[in-house]
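Structure first, commentary second.
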Amino acid sequence: NDEDAISMYHEGAAKGSPAAQYNLGRMYEKGRGVQIDRGKAAEWYSQRNKDMKFHVDE
Numbered sequence: 546n547d548e549d550a551i552s553m554y555h556e557g558a559a560k561g562s563p564a565a566q567y568n569l570g571r572m573y574e575k576g577r578g579v580q581i582d583r584g585k586a587a588e589w590y591s592q593r594n595k596d597m598k599f600h601v602d603e
């Protein structure tokens, strides 16, 4: 369910998983399991982009 997904994505995002950060952004953007919050969605997308750049630069 969406609430479980949010919990798992938060855990993965906290560990720096770009996929989890993207999926968490989508959940906030679409309001799945949480209230729609485009600001939080943008923050998670931005964090994903930073972490993706870090992985590419390694």
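In case it helps, the numbering used here puts the sequence shown at residues 546 to 603.
Ideal placement from N, C-alpha and C gives every residue a C-beta, glycine not left out.
Neighbourhood of residue i by C-beta, 8 Å cutoff - its chain only, sequence neighbours within 5 removed
| i | result |
| --- | --- |
| Y573 | V579, I581, D582, R583, K585, A586, W589 |
| A550 | N568, M572, R577, G578 |
Opening and closing residue of the alpha helix (DSSP H) in which residue i lies
| i | result |
| --- | --- |
| K575 | 563-575 |
| G557 | 547-559 |
Same chain, Cβ closer than 6 Å to residue i, five either side skipped, listed in chain order
| i | result |
| --- | --- |
| G570 | A586, W589, Y590 |
| Q592 | Q566 |
| M597 | P563 |
C-alpha gap between residue i and residue j, whole angstroms
| i | j | result |
| --- | --- | --- |
| G557 | E548 | 14 Å |
| P563 | S552 | 15 Å |
| K575 | Y554 | 15 Å |
| A561 | N546 | Ala is not the amino acid found at residue 561; the sequence shown has Gly there. Cα to Cα, G561 sits roughly 23 Å from N546. |
Chain-order list of residues whose beta-carbon lies under 7 Å from that of residue i (same chain, five-residue window excluded)
| i | result |
| --- | --- |
| A565 | Y554, G557, A558 |
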